[in-house]
Every structure is written in structure tokens, then in C-alpha cells.
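S.K.: Sequences listed follow chains A and B, in order.
Heads up: the first sequence begins at 0 in numbering that gives the first Met the number 0, then just goes up one per residue.
Heads up: the second sequence begins at 0 in numbering that gives the first Met the number 0, then just goes up one per residue.
The beta-carbon is built from N, C-alpha and C at its ideal position, and this holds for glycine as well.
If you scroll down you'll find the structure; I have some questions about it.
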Amino acid sequence: MPAPGSRGPDIAFKWVAMFAAAMIVVLIVMVGWELYYGSRLAIAKFGAGFLWSSEWDPVLERFGALPFIFGTLVSSLIALLIAVPLGVATALFLTELAPLKMRQPIIIAIEMLAAVPSVIFGLWGIFVLIPWLRDSLFVWLKRFLGFLPLFQGPIYGLSMLAAGIIIAIMILPIVTSISREILRSVPNLQREAAYALGATRWEVLKIAVLSYARRGLFGAAVLGLGRALGETMAVTMVIGNRPQISASLFAPGYTLASVVANEFTEATTDLYQSALFEIGLVLFAVAILVNAAAQVMLKSMSGSGPVKVN
Amino acid sequence: MTESPYLPTPQFARWRKAKSSAVTGILVACALAVIAPLFLVIYFLLEKGFSSLDWNFFTQLPKPTGEVGGGMANAIVGSVVLLAMATVFGVPFGIFGGIYLAEYGSDRANNWIRFAADVLNGVPSIVWGMVVYLLLVVPFKGFSAYAGGVALGLMMVPLVMRTTEEVLILVPQSYREAALALGVARWKMIVVIVVRTALKGIATGVIIALARIAGETAPLLFTALGNTFWSHNLKEPISALPLQIFAYGLSPYDDWHRQAWAGALVLMALIIVLNVTVRVLSRDRSKTD
Numbered sequence: 000m001p002a003p004g005s006r007g008p009d010i011a012f013k014w015v016a017m018f019a020a021a022m023i024v025v026l027i028v029m030v031g032w033e034l035y036y037g038s039r040l041a042i043a044k045f046g047a048g049f050l051w052s053s054e055w056d057p058v059l060e061r062f063g064a065l066p067f068i069f070g071t072l073v074s075s076l077i078a079l080l081i082a083v084p085l086g087v088a089t090a091l092f093l094t095e096l097a098p099l100k101m102r103q104p105i106i107i108a109i110e111m112l113a114a115v116p117s118v119i120f121g122l123w124g125i126f127v128l129i130p131w132l133r134d135s136l137f138v139w140l141k142r143f144l145g146f147l148p149l150f151q152g153p154i155y156g157l158s159m160l161a162a163g164i165i166i167a168i169m170i171l172p173i174v175t176s177i178s179r180e181i182l183r184s185v186p187n188l189q190r191e192a193a194y195a196l197g198a199t200r201w202e203v204l205k206i207a208v209l210s211y212a213r214r215g216l217f218g219a220a221v222l223g224l225g226r227a228l229g230e231t232m233a234v235t236m237v238i239g240n241r242p243q244i245s246a247s248l249f250a251p252g253y254t255l256a257s258v259v260a261n262e263f264t265e266a267t268t269d270l271y272q273s274a275l276f277e278i279g280l281v282l283f284a285v286a287i288l289v290n291a292a293a294q295v296m297l298k299s300m301s302g303s304g305p306v307k308v309n
Numbered sequence: 000m001t002e003s004p005y006l007p008t009p010q011f012a013r014w015r016k017a018k019s020s021a022v023t024g025i026l027v028a029c030a031l032a033v034i035a036p037l038f039l040v041i042y043f044l045l046e047k048g049f050s051s052l053d054w055n056f057f058t059q060l061p062k063p064t065g066e067v068g069g070g071m072a073n074a075i076v077g078s079v080v081l082l083a084m085a086t087v088f089g090v091p092f093g094i095f096g097g098i099y100l101a102e103y104g105s106d107r108a109n110n111w112i113r114f115a116a117d118v119l120n121g122v123p124s125i126v127w128g129m130v131v132y133l134l135l136v137v138p139f140k141g142f143s144a145y146a147g148g149v150a151l152g153l154m155m156v157p158l159v160m161r162t163t164e165e166v167l168i169l170v171p172q173s174y175r176e177a178a179l180a181l182g183v184a185r186w187k188m189i190v191v192i193v194v195r196t197a198l199k200g201i202a203t204g205v206i207i208a209l210a211r212i213a214g215e216t217a218p219l220l221f222t223a224l225g226n227t228f229w230s231h232n233l234k235e236p237i238s239a240l241p242l243q244i245f246a247y248g249l250s251p252y253d254d255w256h257r258q259a260w261a262g263a264l265v266l267m268a269l270i271i272v273l274n275v276t277v278r279v280l281s282r283d284r285s286k287t288d
């Protein structure tokens, strides 16, 4: 029999556990509040115009976030355009094609890729990737696709496109592994039914697997976007860090995360620092929204097995 | 079927097969393209970093700007100190949170907390740096190792919480019932039976979290700040390998570039060791279960 009064420690233990779990929710609110608190000067001074102004002049203390929002969106979009097809294709290869013995080593390699720190990608980007891009890929793109405004203008190396490529490499592991989970949840019956109709392997993938998994794969892409938006160090090292809006992908750019990383410790005035906090607030809000959307999408996918006949 | 009718002519059958093989080839090429960067990164880390790893690198402080030589001893120690502090600050919250999810919480509350943890996992790491700057650097008027440790620790909380919950749920319900039937208080049952049984899994989760934060740079930029000397006090700024790699990588000196590669190699080796440990630990677990 428990001794009288032993309920005390029991209740205390439960409260400690509850407090720790509640911390998570408190943390989200606290992060939002702190960022808001830090940016109140800038919010009071610039209002909503902060988001639409493309001027970033620390000397005259005129601040607008548009170049950074633009840079973040464009670099993340490039990353998604590269990483989603590659990631889904690799996931298809791993779940549908690869011999069983080959799967594990490739999966481990992809997990290791996910473990490489951002700053190491940045270092590799500066000294290995950028010189190669500048001398080969960019020159080639300019020669053959130079009629597009995207691939015009001088080639520096440090550029929006380089940042997009680095982010793509960094989000590939998560896009691949989530896509793999999704594809694995496609019932085998789907595949067998298609094979029984005489479909070739590609037709099975197209008719039975991909169309079934479409929603989940979209969720994987959104999760990848969430990661791409917040990538900081590697991007800071290869994007060129210039607050400008340019049609050319060869031109340097700047992102929300990298302007904070670069200028925060140099922000000498209160308003300057406050503007950087507002940049952080924008980044946080977008990241929370995108991640929440991805979670909702992936959850609705994994639960019921929606067999759509259309 | 929305496709055009599949005519059973031999030409068409051949075309379909050819298309299928082509797609197979493309998928293989994609898989190779995805893992290629890993090998490229590791190749260049070894090529550019290995030759600079000498005794000085591990024992000396950085030399003043522009001077050749010196090492990253303080950054290596700083990284270890920061990781230890992050563990102390972050892991208790993570484990207790996981215990709440697995042992106490109602389904509805749990769903919200899990959702919050997953969303929190996606918060860009630089944001943690800014928040801890406001919370600890501004009030205490200085960058400090404490602030860096807290920033990294906060990042560990959602990770450790989710893995702890996952392994606690695996503990058979009959263990709990047996303990409670013997009259053991619930908290004692949880600590002595449930957590004890899942201890290896919890440790694995902690190491996974450590491997993820070991290379983080962004949250340290405005908290730990970095330091070119030894830090004798946790209230002072402290150096860390990722910070040193960042600073040296962007510097204009060849000798610093060389050291940045060496530092990156050491950091990568540390992370690989952590990951291998995780693999070994979880292999044992799946064997005994």
C-alpha cells in the first residue's frame, strides 16, 4: 500500500512533466512576442510599407524588406524546382526500383547529406561550387539560354542561382525521405492492379503510384519550402549579399535570413536593429505558416488511404 | 482511363517498353545526382583539410589577423562546452515533455503539443539567435557562453521531446500495469520502469539532437559571438568550430582558408561519429526487442 501522503510527489511529477510539455507551446508564443517586441520601433516608424519598400539604407535609416523577401522567395523557388523532381525521382527509385541490398546504403548516404552542417556547405560553395558554376554551368546557360532575361548580365559567381543550387542540395534529404515515406504508404494492391492490366513499369508508377501519392508529395515539397526559406549560413556565403531586385539569376541577391546573419551585430542604431528584428519576425511568421501547412497536409495524407477514382 | 487507347500493335508495345526503360534510367541518374554532393563535399574536405591537421591545429590559439599558423584549440573546446550546456538546458525539458506526452496527456492536448513541436522544428535557427539575444544578451549586457548554450538547448527541446515520446510508447503496457499492481507510485513507476526500459532509446534521441545542433552557426552569431582567446568564464563570449569556420572561410587570407577546411573536416568527423553512435545504439535496440 502506498504510504499516506505519497500523492504529493506524484502530483508534483505530473506538474513538472506538464510544464515541460507546455513549454513547447509557450516557446512559439514567446518567440513571436520577442520578435515583435524587438521590432516595435520599426513597425511604428514604417508601418506596413516596410514590406513593400525596396530601399535599404542604414546610413539614412530608411528600411524596407522587399529585396530580402524577393531574394528569399526566388532562391527558395529555384531550390524547389531542382530538389522536388530530383527528390521524388530518388524516392521512386528507392521504393520501386532499387534492389533491396542497394537501398540501405543509399538511404544512409542521404541521411549523411542531411547531417552536413550549413556552414560546411557554405565553405564548399565558396571554394568548389562557385568557381565551377562561374566557369562552366553559368557560361553554358548564358550561351544557350541567354535570350531569357533570367540568364543575362555579368557573371560574378556569387549569385541568386548559386544560392538556389546550394539550398536545393540542403533540402534534398528531407524532400527525399518524406517522399519515400509517402510512396511507401501507397498500398501494393494499387501497383499489382496496374501490373495485372499489363502496364509497364513507368505506367504503373504514373497511374498507380504517383497519382495516388500526389497530395502527400505536395506536402513534402511544402515542408522542403519551409526549410529552404530559413537556410542561413550557406546562403549568406554564396548569394553575394546585395539588397537589389534583379531579373537576372546571375546577379547577387540577399535573403531575410542572411541579412540578419550579416548585419545584426553591425546594427549600430536602435532603428537599424529594430528593422532587422522585423525582418526576423517576417521570416518567423512565414516559416510557421509554411511548416504548419506542410504538417496538416502530411497528416491528412498519412491517415486515411484515399482511393480516388477519376 | 483517360489515356489514348492502348493498341496491341508490336510497335506500340516496343515504344511503351522503351519509354519505361528510359524512365528507369532517369530515376537511377537522379538517385546518383542526389548522393553525389555528399561525396563531393567529403572529398574536398579530405583533400583541402587533411593536410592542415597537425598538432598545432589542435593545441594552439588563432594567430592575430594575417599571421600564418595557429590553430583552433579554443574553438574545439568551445564547441564541446556549448554542446554540453545545450544538453543541460534542453534535454530535461525534452525528456519531461516526452514523458507527459507518453504517460499523461489527453489525445487532444497531445495532438496540439506534437503539432507545436513539429512546427517549432521548422523555425529557422537564426530566429533562435535573435530571441536569445533579447532574452539573455541585452539584459546581462554581453554576449556569453550561457546565451549560446541556451540558444542551442532550445533547439534541442522539440527534437528530444518527440524521440522520447516515441520510445516511451514502445514500452509494453503490461510493465506499467505490473508496477502499479505492486503498489508503486505512478511517478516511481515511470522513472524506474518506463524510462529505465527506454533509456537507450532516449539516449539515442539526445545524440540525434546533438548531431543536429553541433554544426549550427546561425544561433551562435549573436549569442556566443566567438572569441579568439580562451574563455575562462561562461559569462564571456566563447568560440565554436562553426563560428570559426564561417569567419575564416570569408576572410581574405589563404592560410585562414586552409584552417577553415581543417576545422570543417574536424566538425564533420565529430558529426559522423555522433551519427555512427546513433546507428550502433539503435541496431542493438532492434536486436533485443
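Determine, using beta-carbon pairs with one atom in the segment 119-129 of chain B and one in the segment 213-224 of chain B, whether at least three such pairs fall under 8 Å.
M.R.: Yes, the segment 119-129 of chain B is in contact with the segment 213-224 of chain B.
S.K.: Between A246 of chain A and the rest of its own chain, which residues show a CB-CB distance below 6 Å, the 5 nearest in sequence each way excluded?
M.R.: Cβ within range, chain order: P148.
S.K.: Throw me the rounded Cβ distance for the A116 of chain B and P91 of chain B pair, which I believe falls under 8 Å.
M.R.: So it is not a contact: roughly 16 Å between Cβ atoms.
S.K.: In the segment 11-27 of chain A, which residues sit with their C-beta less than 9 Å from some C-beta in chain B, listed in chain order?
M.R.: Taking 9 Å as the Cβ-Cβ cut-off against chain B, the residues of the segment 11-27 of chain A that qualify are A11, F12, K13, V15, A16, M17, F18, A19, A20, A21, M22, I23, V24, L26 and I27.
S.K.: Leaving out five residues before and five after G152 of chain A in sequence, what residues of the same chain have Cβ atoms less than 7 Å from its Cβ?
M.R.: The residues are S247, F249 and A250.
S.K.: Within its chain, find whatever has a CB closer than 6 Å to the CB of G248 of chain B; leave out the 5 residues flanking it on each side and keep chain order.
M.R.: Here the set comprises A259.
S.K.: Give me the DSSP bridge partner(s) of G279 of chain A.
M.R.: Answer is none; G279 of chain A lacks a bridge partner.
S.K.: Which residues mark the beginning and the end of the alpha helix (DSSP H) in which Q243 of chain A is found?
M.R.: Q243 of chain A -> no alpha helix (DSSP H), and no H or E assigned at all.
S.K.: In the DSSP assignment, what are the bridge partners of W55 of chain A?
M.R.: Its beta-bridge partners are A:F62.
S.K.: So I273 of chain A and A41 of chain A are supposed to be a Cβ contact under 8 Å. How far apart are they, rounded?
M.R.: According to the sequence as given, residue 273 of chain A is Ser; it is not Ile. About 4 Å; that satisfies the 8 Å criterion.
S.K.: Nearer than 7 Å: is that true of the beta carbon of R214 of chain A relative to any heavy atom of the ligand FMN?
M.R.: As far as ligands go, the structure on display features none, and thus does not contain the ligand FMN.
S.K.: Check whether the Cβ atoms of G65 of chain B and V159 of chain B lie closer than 8 Å to each other.
M.R.: No.
S.K.: Less than 8 Å between CB atoms is the rule here; does M160 of chain B satisfy it with respect to chain A?
M.R.: At least one chain A Cβ lies under 8 Å of M160 of chain B.
S.K.: In the DSSP assignment, find the alpha helix (DSSP H) that holds W14 of chain B and state where it starts and stops.
M.R.: From DSSP, the alpha helix (DSSP H) with W14 of chain B extends over P9 to G48.
S.K.: Is the segment 256-270 of chain A touching the segment 172-192 of chain A in the sense that three or more CB pairs, one from each, lie closer than 8 Å?
M.R.: Too few Cβ pairs lie closer than 8 Å, so no.
S.K.: Using 10 angstroms around the beta-carbon of I10 of chain A, count the other beta-carbons present and answer buried if the total reaches 16, otherwise exposed.
M.R.: Exposed is the call here.
S.K.: Listing by chain order, which chain A residues have their CB less than 8 Å from the CB of M19 of chain B?
M.R.: Reading off the sequence shown, one finds Ser at residue 19 of chain B, where the question assumed Met. Result: T199, R200, W201 and E202.
S.K.: If you count every other CB in all the chains shown that lies within 10 Å of the CB of N187 of chain A, and 16 or more means buried, which is it?
M.R.: Exposed, by the Cβ-count rule.
S.K.: Any beta-carbon of chain B closer than 8 Å to the one on V306 of chain A?
M.R.: Because the pLDDT of V306 of chain A is 32, which lies under 50, any placement of that residue in the model is unreliable, and the number read from its coordinates should be weighed accordingly. No, V306 of chain A lies away from the interface with chain B (no Cβ there is under 8 Å from its Cβ).
S.K.: Tell me whether the segment 136-156 of chain B and the segment 45-61 of chain A touch, counting them as touching only if at least three CB pairs, one residue from each stretch, are closer than 8 Å.
M.R.: The segment 136-156 of chain B, when compared against the segment 45-61 of chain A, does not touch it at the 8 Å Cβ threshold.
S.K.: Using the DSSP secondary-structure output, state which residues sit across from L151 of chain B in a beta bridge.
M.R.: Paired residues: none, contrary to the question.
S.K.: Would you give the residue range spanned by the alpha helix (DSSP H) that I244 of chain B belongs to?
M.R.: Counting along the chain, the alpha helix (DSSP H) containing I244 of chain B begins and ends at L240 to G248.
S.K.: Pull out every residue of the segment 217-236 of chain A whose Cβ sits closer than 8 Å to any Cβ of chain B, in chain order.
M.R.: Listed by position along the chain: L222, G225, R226, L228, G229, E230, T231, M232 and M236.
S.K.: Identify each residue in the segment 88-103 of chain B for which the Cβ-Cβ distance to at least one residue of chain A is less than 9 Å, and report them in chain order.
M.R.: Listed by position, the residues of the segment 88-103 of chain B near chain A (Cβ gap below 9 Å) are P91, F92, G93, I94, F95, G96, G97, I98, Y99, L100, E102 and Y103.
S.K.: Let me make sure I understand the geometry here. Which of A:F150, A:I109 and A:S158 has the alpha-carbon closest to that of I169 of chain A?
M.R.: A small correction: the amino acid at residue 169 of chain A is Met; Ile does not occupy that position in the sequence shown. Comparing Cα positions, the closest option is A:I109.
S.K.: Would you give the residue range spanned by the alpha helix (DSSP H) that F137 of chain A belongs to?
M.R.: Residues F137 to L144.
S.K.: Between which two residues does the alpha helix (DSSP H) carrying W201 of chain A extend?
M.R.: R200 to V203 is the span of the alpha helix (DSSP H), which, as asked, contains W201 of chain A.
S.K.: Report yes if the C-beta distance between T254 of chain A and S74 of chain A is below 8 Å; otherwise report no.
M.R.: Closer than 8 Å, so yes.
S.K.: With a threshold of 8 Å, are at least 3 pairs of Cβ atoms found where one atom belongs to the segment 158-169 of chain A and the other to the segment 263-273 of chain A?
M.R.: With the cut-off at 8 Å, the segment 158-169 of chain A and the segment 263-273 of chain A do not touch.
S.K.: Using CA atoms only, rank isn't needed, just tell me which of B:A101, B:F56 and B:T58 is closest to Q172 of chain B.
M.R.: Q172 of chain B has its Cα closest to that of B:A101, out of B:A101, B:F56 and B:T58.
S.K.: Where does W51 of chain A land, buried or exposed, given buried means 16+ other C-beta within 10 angstroms?
M.R.: Per the 10 Å Cβ criterion, exposed.
S.K.: Identify every residue that forms a DSSP beta bridge with L167 of chain B.
M.R.: Note: L167 of chain B sits in no beta bridge, so no partner.
S.K.: Between L58 of chain B and A74 of chain B, what straight-line distance do the alpha-carbon atoms span, to the nearest angstrom?
M.R.: The residue asked about is misnamed: residue 58 of chain B is Thr in this sequence, not Leu. Approximately 10 Å, taken between the alpha carbons.
S.K.: Can you tell me whether DSSP reads I10 of chain A as helix, strand or coil?
M.R.: Helix.
S.K.: With a threshold of 6 Å on Cβ separation, who are the neighbours of Q189 of chain A within its own chain once the five nearest residues in sequence on each side are excluded?
M.R.: Once the five neighbours on either side are set aside, the close Cβ partners of Q189 of chain A are A207 and Y211.
S.K.: Starting from D117 of chain B, trace the alpha helix (DSSP H) both ways and give me its first and last residue.
M.R.: From DSSP, the alpha helix (DSSP H) with D117 of chain B extends over D106 to N120.
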